[in-house]
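Report on the following structure.
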Ligand SMILES: Cc1cc2nc3c(=O)[nH]c(=O)nc-3n(C[C@H](O)[C@H](O)[C@H](O)COP(=O)(O)OP(=O)(O)OC[C@H]3O[C@@H](n4cnc5c(N)ncnc54)[C@H](O)[C@@H]3O)c2cc1C
Ligand SMILES: Cc1cc2nc3c(=O)[nH]c(=O)nc-3n(C[C@H](O)[C@H](O)[C@H](O)COP(=O)(O)OP(=O)(O)OC[C@H]3O[C@@H](n4cnc5c(N)ncnc54)[C@H](O)[C@@H]3O)c2cc1C
């Protein structure tokens, strides 16, 4: 790419701003413009639930760098400016203020939009979502005077925020339409552990129940679910997110079966069945390919967006390597509980035509005589040949095991290979036999029996 | 194996007792006799340093089960009875009390002996080693009145015990002949982190200095090192362990280049170049094959002994699978610091004719704005193609990363594959970019440059 080229980013999130930064550092001569609808950029979304629950002192702690840094790098970051349309013939974008700006290369990193259930009352005051800093600040403001709160949807963002209510003694009801919490990552028998934890902290959890309306004159006053009216001075919508693709769809770019923008391994979008070589999309708004099924899927996590930003940077510098299929390991922290998942859960297996064989084990995170050890629950899923998924829930040791599984699944390991994995041992940090290798051993037996 | 066969175990440690237990459970008809020199068996050696430093209330907590359990299982465990010799012609062992006992199958699980440096004074009162419960109890007794202690040798057992001295305000000097602590697992630049930690806790650490004598009339009074006399009312020998092979050597079994009993993948010993099919050895006393170099090595860790016990059980039941080469991941806990290592360190590479290429990274265990995060230091070593070793030091997150490396190295991953590994992310448990994948990325660049 010639250094007089102009690169435009739509969205200054985990994908866009990171890639723009990388690019500016590697080639200071590039002209880079980053458009963001938001007024503040360069902060960590993912930290917001922990500001709300008081673990992190304030939202300012989440600011990763101030705008000075952009200037020093020669980055033109235009905050508070949304892009309203893309014109690929004119190679330009038009802002919501009507300004048309030419691009040589365009990167779409518009992230997600929260799913808003189609029920009355979602527009009432006191009904929140938690996507950007303004959302976070407004929740923090309301929460201090809240007595009764409702979280609609058992997705990770709402659940990570639940302790913010519970720790303040606010009556909290969590309502999820599916019969379990975290339906997109956990199996029901694992989700029940999270449910029990939340109940033990004082929450009321209603699963398998859909909210029919949010009620109130101007402000929310209650929520109706299953014929019952639950008082609520605050509602947090947490029914999952969808790729933010409206702009791309309007511009004519292909949207895939999973609902994200279709891209090739070099993040190039498709239009009329052709790959464009000057428009890219990545991060939460684009589809990825599953390393397990080789089919398109969504993986809206920051760690993937960040890694894609590195690949995309190289791509924009003309030395791109293909971005490969993903495993999508995730971990979410609800109070003291860490909930990890990787690969396919049982439901995902079935929807892919895979008959899942699984084993669930419970173990300890330390030698059983060593004080402070925690229970850890591990469920492994196989397609009969390889490990295709794992779920881990506990108060410590979750992150490391999910990462081990992430690597293992990527390398196509079998239950027997995982059972044979050597684990290190010292009483304060691990049991002699890791519960994960034990689960794998039992899973291998089950798989053998089903053959 | 016919169920009237008699199986004899020499040694009731992590290998012997575990295998005997497994066997008795799986086939209650077997006649199993376990001989142990020690008076107490079925306790966790590995927990002893943490009883000494007060984390675990007492040694009784380390007892895993009481002798009743043996009886219930029909296990004949003869404590306080050493085996003095083995006669393969007569298929018998003779105890130190002169009793000859016939075997059909014999398992040698004699563990290790501590290396005692060839200097005067190692037999004085107040000079301890920490191998069995009696050692532990006698250290605990002395420590309460100790003012000046010396640990001779920078091996893991002594270092895990160092906080027991430091937390009590005892003057502690640690002396290691090699220029660094933990020479068999760490590189010098990683060992220095452990050294700094111990110094910050009040220890004096002398590396590259050999002790010339332990002095005293009946009890130890001082230690002479490098011309200096250091007062000492207590000495702990921690100069590493050696396979306990004297009995096997006397019986004519082959001892290998690494100093352990030579066994085939079914744990069968060798004699006059022939494999015996009724004598087995495993655990710390036997050699294993390195999964990296395919050469014999020692791996004296409990997790390996335990896994071998499972394989050996199947073997003795006549349905044995070959026990494969090992990676030998370890973790050792010194106060708040966790020190992990896996595969080859740089010195081991060089002694194997491998030119090590390495990269060391420092990162955080949590998002940098999340309170309580710890520094984590990661060194990765490659032979130019694959990852062959890793060392991780920090106050959390060490165990998980060592296990991930253990699996990765076993699967032969390259630095690029490790760099591309997807890691899960949540601010309270991990940074967005894992320092290990960052280290791998940098290592991949180094490897590419050296080509
Ligand atoms: C509360 C919360 C907690 C989270 N916790 C975790 C976690 O613990 N771990 C994890 O891995 N992930 C987590 N995530 C997800 C993670 O933040 C995202 O995966 C990541 O930010 C995706 O980066 P992105 O750039 O694709 O999208 P985003 O970071 O969402 O950025 C998209 C940006 O584009 C802007 N935009 C959209 N349309 C336009 C337009 N037309 N014009 C201009 N700008 C536009 C948006 O305003 C937004 O700023 C969390 C998300 C939230 C909201
Ligand atoms: C203080 C300490 C801390 C440790 N910490 C860890 C750790 O954190 N993690 C880890 O993985 N490993 C650790 N280890 C190592 C672990 O304990 C050993 O790897 C494991 O016990 C090996 O099992 P084994 O059966 O081969 O040997 P051992 O458990 O040592 O058992 C051998 C037994 O044989 C007996 N014996 C020897 N000769 C004879 C004979 N002639 N007749 C009868 N009996 C005999 C001995 O008395 C001994 O009881 C630690 C070891 C010690 C001493």
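Residue numbers (the UniProt record's numbering), protein chains in the order written: chain G, 1 to 451; chain E, 1 to 451. Note that CB positions come from ideal geometry on N, CA and C, so glycine has one too. Note that this is a predicted model, so its numbers are computed, not measured.
Closer than 8 Å to chain G by CB, residue i
i, result
"residue 141/E", "no"
"residue 126/E", "no"
"residue 263/E", "no"
"residue 425/E", "yes"
"residue 403/E", "yes"
"residue 452/E", "What is shown of chain E runs 1 to 451, which leaves residue 452/E out entirely."
"residue 266/E", "no"
"residue 79/E", "no"
"residue 178/E", "no"
"residue 349/E", "no"
"residue 330/E", "yes"
Start and end residues, beta strand (DSSP E) containing residue i
i, result
"residue 332/E", "330-334"
"residue 304/G", "Not the beta strand (DSSP E): residue 304/G falls in the alpha helix (DSSP H), residues 302-316."
"residue 61/E", "It is not in any beta strand (DSSP E) - residue 61/E carries neither H nor E in the DSSP assignment."
"residue 176/G", "171-176"
"residue 114/E", "112-114"
"residue 32/E", "31-35"
"residue 105/E", "105-108"
"residue 339/E", "337-343"
"residue 84/E", "83-87"
Inter-residue CB distance, residue i and residue j (contact presumed, cutoff 8 Å)
i, j, result
"residue 73/G", "residue 24/G", "4 Å"
"residue 124/G", "residue 218/G", "7 Å"
"residue 157/E", "residue 194/E", "Actually they do not touch by this definition, with Cβ atoms about 14 Å apart."
"residue 112/G", "residue 243/G", "6 Å"
Nearest candidate by alpha-carbon position, reference residue i, set the options
i, options, result
"residue 342/G", "155/G, 106/G, 187/G, 107/G", "187/G"
"residue 22/G", "146/G, 312/G, 132/G", "312/G"
"residue 247/E", "276/E, 107/E, 337/E, 163/E", "107/E"
"residue 46/E", "36/E, 39/E, 59/E", "59/E"
"residue 360/G", "345/G, 377/G, 27/G, 350/G", "377/G"
"residue 28/E", "5/E, 435/E, 12/E", "5/E"
"residue 344/G", "392/G, 17/G, 366/G", "392/G"
"residue 306/E", "214/G, 275/G, 438/G", "438/G"
"residue 212/E", "181/E, 176/E, 278/E", "176/E"
"residue 229/G", "422/G, 206/G, 244/G", "206/G"
"residue 153/E", "172/E, 138/E, 85/E", "172/E"
"residue 314/E", "223/E, 267/E, 82/E, 101/E", "267/E"
"residue 237/E", "304/E, 198/E, 160/E", "160/E"
"residue 349/E", "333/E, 97/E, 272/E, 297/E", "297/E"
"residue 308/G", "37/E, 422/E, 184/E", "422/E"
"residue 67/E", "78/E, 61/E, 57/E", "78/E"
Chain E contact for residue i (CB, 8 Å cutoff)
i, result
"residue 288/G", "no"
"residue 201/G", "no"
"residue 47/G", "yes"
"residue 406/G", "yes"
"residue 359/G", "no"
"residue 375/G", "no"
"residue 438/G", "no"
"residue 447/G", "no"
Beta-carbon neighbours of residue i, restricted to chain C and to distances below 8 Å
i, result
"residue 69/G", "In the structure shown, chain C cannot be found, because the protein chains are G and E."
Start and end residues, alpha helix (DSSP H) containing residue i
i, result
"residue 347/G", "346-351"
"residue 138/G", "133-143"
"residue 163/G", "156-166"
"residue 72/G", "68-72"
"residue 189/E", "188-200"
"residue 355/E", "It is not in any alpha helix (DSSP H) - residue 355/E carries neither H nor E in the DSSP assignment."
"residue 49/G", "48-52"
"residue 18/G", "16-26"
* Asked: Taking the runs of the alpha helix (DSSP H) that are 4 residues or longer, which of them lie wholly in the segment 377-438 of chain G?
  -> Within the segment 377-438 of chain G, the complete alpha helix (DSSP H) runs of at least 4 residues are 398-410, 415-419.
* **Whole runs of the beta strand (DSSP E) within the segment 251-302 of chain E, excluding any shorter than 3 residues** => 268-271, 274-281
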